[in-house]
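**Student:**
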Amino acid sequence: MKLGLKSNIAKSLLLARWKQTLVAAIGVTFSITMFITLLSFMNGLNDLLDGLILNRTPHIRLFKEIKPSEYQAINLSQEYKKSQNFIRSIKPAKSKNELRNYEAIVQTLKNDKRVLGFAPKIVAQIFYNVGATDLTGVINGVEPEEENRLFKFSEYIVEGNYIDLKNIPNSVILGKGLAQKMLTEMGAIVQVTTAQGQIVKLKVVGFFQSGLQELDKVQSYASIKTTQKLLGKSTNYVSDLQIKLNDMTIAPALAKEYQAIFDVDAEDIQTANSQFETGSSIRTLISYAVGITLLIVAGFGIYNILNMMIFEKMDSIAILKATGFSGNDVKSIFIRIALTIGLVGGLFGLLFGFLLTAVIDQIPFDTESLPTVKTFPVRYDPKYYIIGALFSIITTYFAGFFPARKASKIDPVIIIRGK
Amino acid sequence: MKEIVLEARNISKEFHDPVTIQILNNVNFKIYKKEFVSVIGKSGCGKSTLLYILSTMDTEYTGELLVDGMSMKNKKEAQLALIRNEKIGFVFQFHYLLNEFSVLRNVMLPGLKLNKYSEQEIEQRAIEKLRILGIDKEALKKPNQLSGGQKQRVAIARALINDPLIIMGDEPTGNLDKKNANIVFDVFKELTHSFNQTLLIVTHDQEFAQNTDRIIEMEDGRIIKQ
Ligand SMILES: Nc1ncnc2c1ncn2[C@@H]1O[C@H](COP(=O)(O)OP(=O)(O)OP(=O)(O)O)[C@@H](O)[C@H]1O
Ligand SMILES: [Mg+2]
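One line per chain: the protein sequences are W and E, in this order. Count the first sequence with this note's numbering and you get residues 486 to 904, in order. Count the second sequence with this note's numbering and you get residues 14 to 239, in order.
1. Quick check on the burial criterion: 16 or more other C-beta atoms within 10 angstroms. Buried or exposed for W/A738?
2. Distance, Cα to Cα, W/A751 vs W/V775?
3. What residue range is occupied by the uninterrupted beta strand (DSSP E) comprising W/I684?
4. Does at least one heavy atom of ligand 2 sit under 6 Å from the Cβ of E/K12?
5. Counting only beta-carbon atoms, is E/P123 nearer than 7 Å to chain W?
6. Distance, Cα to Cα, W/D732 vs W/L875?
7. Would a C-beta distance cut-off of 7 Å place W/P862 and W/G622 closer than the cut-off?
8. Does the beta-carbon of E/S56, which I'm using as the reference point, lie nearer than 6 Å to any heavy atom of ligand 1?
9. Does any residue of chain E have a CB that is nearer than 7 Å to the CB of W/G903?
10. Applying a beta-carbon distance threshold of less than 8 Å, which residues of chain W neighbour E/K126?
11. Looking at the structure shown, is E/E203 part of a helix, part of a strand, or coil, going by DSSP?
12. I'd like to confirm something about E/I36: is its beta-carbon nearer than 6 Å to some heavy atom of ligand 1, or not?
13. Going along chain E, which residues have a C-beta under 8 Å from W/A892?
14. Please report the distance separating the alpha-carbon of W/M486 from that of W/F526.
15. Are the C-beta of W/P897 and some C-beta of chain E separated by less than 7 Å?
16. With H, G and I counted as helix, E and B as strand and the rest as coil, what does DSSP make of W/D748?
17. From W/K798, W/A807, W/Y556, W/L840, pick the residue whose C-alpha is nearest to that of W/L499; which is it?
18. Is any heavy atom of ligand 1 found at a distance shorter than 6 Å from the C-beta of E/D30?
19. Within a Cβ cutoff of 8 Å, which residues of the same chain sit near W/F515, ignoring the five residues on either side of it in sequence?
20. In this structure, how does DSSP classify W/K491 when only helix, strand and coil are distinguished?
21. Whose Cβ in chain W lies nearer than 8 Å to the Cβ of E/A91?
22. According to DSSP, E/E230 sits in a beta bridge with which residue or residues?
23. Exposed or buried, what is W/E670 when buried is set at 16 or more other beta-carbons lying within 10 Å of its beta-carbon?
24. Which residue's Cα is closest to the Cα of E/D226: E/G82, E/I44, E/R166?
25. Would you please verify whether the beta carbon of W/A874 is less than 7 Å from any beta carbon of chain E?
26. Count the C-beta pairs between the stretch 44 to 58 of chain E and the stretch 208 to 225 of chain E that are closer than 8 Å, then say yes if the count reaches three, no if not.
27. Write down every uninterrupted run of the beta strand (DSSP E) in the stretch 51 to 93 of chain E whose length is 3 residues or greater and which is fully enclosed by it, in chain order.
28. Anything in chain E within Cβ reach of W/S801, meaning under 7 Å, just list it in chain order.
29. Once the 5 residues before and after E/K28 are set aside, which same chain residues still bring their CB inside 7 Å of it?
30. Checking contacts by CB at 7 Å: is E/F28 closer than that to chain W?
31. Should E/I135 and E/G76 be called a contact, given that it needs their Cβ atoms to be closer than 7 Å?
32. Are the C-beta of W/I795 and some C-beta of chain E separated by less than 7 Å?
33. Could you name the residues of the same chain whose beta carbon sits closer than 6 Å to that of W/E631, not counting the 5 residues immediately before and after it, in chain order?
34. Counting along the chain, where does the beta strand (DSSP E) carrying W/T679 start and finish?
35. Closer than 6 Å by C-beta to W/L650: which residues in its own chain qualify, once you throw out the five before and the five after it? Chain order, please.
36. Spell out whether any CB of chain W is found under 7 Å from the CB atom of E/A94.
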């Protein structure tokens with residue numbers, strides 16, 4: 486039997502009830518449109534929020550924490566070897582929070598294929614002097630170029646140029662919130678006091694805005710050299726090493742590895758930002774849930790129209806069977822009807838979804854904390870379109886399956902006798 | 014030796030709703046090729062029930078049905094559908110034409126399902142059948158644009174499309190007035206004489222029955238005379 490015949494019959498039945506068919510198809514279109522738009526928008530938002538943190542967070546951070554030694558004197562004693570020793574009030578020795586073997590670490594990282602790049606950093610507590618008051622804060626000593634290459638430093642600079650940190654000695658880029666508190670402007674000189682009590686004057690060459698206001702109120706950036714001078718340290722003093730990997734997912738394993746090799750503390754991004762992942766996955770989950778709910782509702786629409794069609798076409802089904810169409814033929818006719826509704830509705834849904842996403846992409850979205858974002862964030866990803874298409878076919882198939890099975894089981898004798 | 018087209022062997026059937034009653038009781042008969050047979054009997058004696066069994070649509074019976082020498086026992090639904098498609102033409106009291114399709118397409122559908130000929134050939138054959146029944150001019154109309162008699166003739170053309178072994182009719186003239194009933198009857202006559210078509214027609218019309226080759230008379234689920 487020709488494939489065309491069943492499709493032909495399906496088409497005729499569809500066209501005979503084209504208004505209801507259209508309504509059912511619009512239901513699918515609507516749900517797929519919403520599904521695509523929602524996923525694109527939610528994931529755009531995810532990307533944006535992830536970018537806030539993830540772009541700027543190293544995949545692995547190597548540092549030396551000031552903490553008491555895990556290996557205490559009592560452990561040396563033969564006498565208490567087998568006992569459980571409780572020690573109270575231990576204090577850290579005067580060890581520094583400096584990365585020792587810095588040069589060796591750098592050499593190893595350079596040769597490690599898994600590493601995309603790394604940038605040294607000094608994080609130091611300081612006081613910003615404003616008149617008679619001191620504001621506590623943090624100064625980050627960075628290598629501006631590397632910092633920009635790996636962590637998109639320039640994206641957060643709202644005034645000035647990051648490269649000035651390198652070119653102008655004793656310069657600083659202040660957080661926007663901090664600058665407002667200090668009432669400074671570009672080119673002004675600010676005074677800071679280090680934890681060791683040293684007072685230094687720095688020239689303001691820019692302002693940054695990270696998107697996290699709490700950060701902007703306390704942080705500032707200077708070059709590594711400036712910071713080393715500020716702290717009175719030698720030129721190989723570095724407190725942190727920020728590593729970016731080619732594949733972020735291996736960060737936890739690699740962090741452990743480095744921790745063992747270099748005898749330092751290593752923190753991976755997944756551990757540092759676990760709460761962030763959760764937020765992203767919940768947003769994605771919500772979009773899927775809403776999309777699927779809409780599709781199921783559309784599925785009921787298709788189910789209804791098919792049931793109605795079958796009820797109306799009892800006679801036709803009976804005569805088709807009497808003249809030699811099998812139950813399976815009848816079933817496949819009605820499944821074809823359902824799939825046609827699903828395919829056509831779904832296709833338009835994908836198209837409208839794309840258009841709506843494109844419209845949202847154009848809507849202005851200005852926010853203080855996100856200087857680089859000008860319109861609503863969306864993510865265009867073929868994955869959503871494939872999932873949307875699959876969902877629309879699967880739901881319409883199931884919506885059609887049960888009425889179609891019912892139609893295939895219609896007993897022509899009962900219908901014909903009923904006349 | 015005449016060729017047997019259809020044979021009923023001890024066919025019995027009972028309904029269990031609401032109480033068990035025997036509707037058909039050991040029905041035995043043979044239909045030979047080129048025969049025009051009519052079935053008569055009082056209302057409720059089981060004529061339609063018998064015809065549904067003979068047409069393979071009803072499979073709940075005891076005894077044996079042979080179509081073209083082949084037993085219909087233990088055949089699957091799809092196999093029976095194929096046999097109906099190829100070998101049996103059915104005309105009901107009601108025409109059962111599909112209003113979504115033109116008259117021509119309605120006639121063609123079982124032919125397309127059988128898929129023995131190309132679509133063009135089937136169309137030619139359908140026009141030919143309509144011409145035999147004198148309604149080829151209506152080929153492109155929709156069924157709901159035809160008169161009752163015309164519709165019934167389209168239904169006969171549809172039954173003829175695959176050149177079936179036998180055409181069965183359950184009171185095919187029951188819904189028609191005298192004039193249209195006569196036209197349909199003449200069509201049947203013409204089919205047996207000119208085209209050697211085997212026919213098995215259930216009717217209430219004594220005059221109709223008298224003009225057929227053989228009358229099977231039923232009463233209370235039995236054949237009392239043939
Ligand atoms: N589904 C059913 N359940 C129970 N009894 C039924 C069923 N269908 C038919 N019957 C009974 O079977 C008997 C035979 O019915 P059938 O339709 O075969 O009669 P008939 O000879 O065709 O009558 P008519 O000439 O009026 O068409 C009737 O008494 C009817 O009540
Ligand atoms: Mg009857």
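All C-beta atoms, glycine included, are put in the ideal place defined by N, C-alpha and C.
**Tutor:** The answer reads as follows:
1. On the first sequence, residue 738 of chain W is found 253 positions in, with the first residue counted as 1. The residue in question, W/A738, is exposed, as its Cβ has fewer than 16 Cβ neighbours within 10 Å.
2. To locate residue 751 of chain W, count along the first sequence from 1; it is residue 266. To locate residue 775 of chain W, count along the first sequence from 1; it is residue 290. Approximately 40 Å between the Cα atoms of the pair.
3. Along the first sequence, read from residue 1 onward, the residue named residue 684 of chain W stands at position 199. Element bounds for W/I684: 684 to 693.
4. Shown here, chain E extends from 14 to 239; a query on residue 12 of chain E therefore has no answer.
5. By 1-based counting over the second sequence, the position of residue 123 of chain E is 110. E/P123 counts as touching chain W.
6. Against the first sequence, residue 732 of chain W aligns to sequence position 247. Against the first sequence, residue 875 of chain W aligns to sequence position 390. Roughly 30 Å between the two C-alpha positions.
7. For this step, residue 862 of chain W is matched to residue 377 along the first sequence. For this step, residue 622 of chain W is matched to residue 137 along the first sequence. No, they are not a contact pair.
8. Counted from its first residue, the second sequence places residue 56 of chain E at position 43. Under cutoff, so the answer is yes.
9. Looking up residue 903 of chain W in the first sequence gives position 418. By this cut-off, W/G903 is not an interface position.
10. Taking the first residue of the second sequence as 1, we reach residue 126 of chain E at position 113. Within chain W, the residues near E/K126 are M486, L490, T808, G809, F810, D814.
11. For the purposes of this step, residue 203 of chain E is taken as residue 190 along the second sequence, with counting starting at 1. Here E/E203 sits in helix by DSSP.
12. In the second sequence, counting from the first residue as 1, residue 36 of chain E sits at position 23. At least one heavy atom of ligand 1 is nearer than 6 Å to the Cβ of E/I36, so yes.
13. For the purposes of this step, residue 892 of chain W is taken as residue 407 along the first sequence, with counting starting at 1. Within chain E, no residue comes near W/A892; the closest Cβ sits about 14 Å away, beyond 8 Å.
14. Walking along the first sequence from the start, residue 486 of chain W turns up at place 1. Walking along the first sequence from the start, residue 526 of chain W turns up at place 41. Confidence is the limiting factor: at W/M486 the pLDDT is only 46, short of 50, which leaves the residue's position unreliable, though a coordinate-based value still follows. Between W/M486 and W/F526, the C-alpha separation is close to 47 Å.
15. As a first step, residue 897 of chain W is located in the first sequence; it is residue number 412 there, counting from the start. Taking Cβ atoms only, chain E reaches closer than 7 Å to W/P897, which makes this a yes.
16. Position 263 of the first sequence holds residue 748 of chain W. Here W/D748 sits in coil by DSSP.
17. The residue given as residue 499 of chain W occupies position 14 in the first sequence. Measuring from the Cα of W/L499, the nearest candidate turns out to be W/K798.
18. If you number the second sequence from 1, residue 30 of chain E lands on position 17. It does: the Cβ of E/D30 is within 6 Å (strictly closer) of some heavy atom of ligand 1.
19. Taking the first residue of the first sequence as position 1, residue 515 of chain W is located at position 30. Only L779, A783, G834 meet the Cβ criterion.
20. The residue given as residue 491 of chain W occupies position 6 in the first sequence. Note: W/K491 maps to helix in three-state DSSP.
21. Translated into the one-based positions of the second sequence, residue 91 of chain E becomes position 78. In chain order: S811, G812, N813.
22. Reading the second sequence from its first residue, position 217 is the one you call residue 230 of chain E. DSSP output for E/E230 lists E/I53, E/K238 as bridge partner(s).
23. For the purposes of this step, residue 670 of chain W is identified with residue 185 of the first sequence, where counting begins at 1. It is exposed - the Cβ of W/E670 has fewer than 16 other Cβ atoms within 10 Å.
24. For the purposes of this step, residue 226 of chain E is taken as the residue at position 213 of the second sequence. The shortest Cα separation from E/D226 among E/G82, E/I44, E/R166 belongs to E/I44.
25. Translated into the one-based positions of the first sequence, residue 874 of chain W becomes position 389. Answer no: the Cβ-Cβ gap between W/A874 and chain E never drops below 7 Å.
26. yes
27. 75 to 80
28. Against the first sequence, residue 801 of chain W aligns to sequence position 316. Going along chain E in sequence order, the residues near W/S801 (Cβ under 7 Å) are L111.
29. The residue given as residue 28 of chain E occupies position 15 in the second sequence. Note that residue 28 of chain E is Phe in the sequence shown here, rather than Lys. Excluding residues within five positions, the ones whose Cβ falls inside 7 Å are I34, I36.
30. Here residue 28 of chain E corresponds to residue number 15 of the second sequence, with the count starting at 1. So no, E/F28 is outside the interface.
31. Within the second sequence, the letter at position 122 stands for residue 135 of chain E. Within the second sequence, the letter at position 63 stands for residue 76 of chain E. Their beta carbons are not under 7 Å apart, which means E/I135 does not touch E/G76 by this criterion.
32. Locating residue 795 of chain W in the first sequence gives position 310, where the first residue counts as 1. Taking Cβ atoms only, chain E never reaches closer than 7 Å to W/I795, which makes this a no.
33. Numbered from its first residue, the first sequence carries residue 631 of chain W at position 146. The answer, listed in chain order, is A604.
34. Here residue 679 of chain W refers to the residue found at position 194 of the first sequence. Taken as a continuous stretch (DSSP letters only), the beta strand (DSSP E) holding W/T679 covers 674 to 679.
35. Residue mapping note: residue 650 of chain W aligns to position 165 of the first sequence, counting from 1. Hits under 6 Å: P629, S656, S708.
36. Here residue 94 of chain E is taken as the residue at index 81 of the second sequence, counted from 1. For E/A94, the answer is yes, since a Cβ of chain W falls inside 7 Å of its Cβ.
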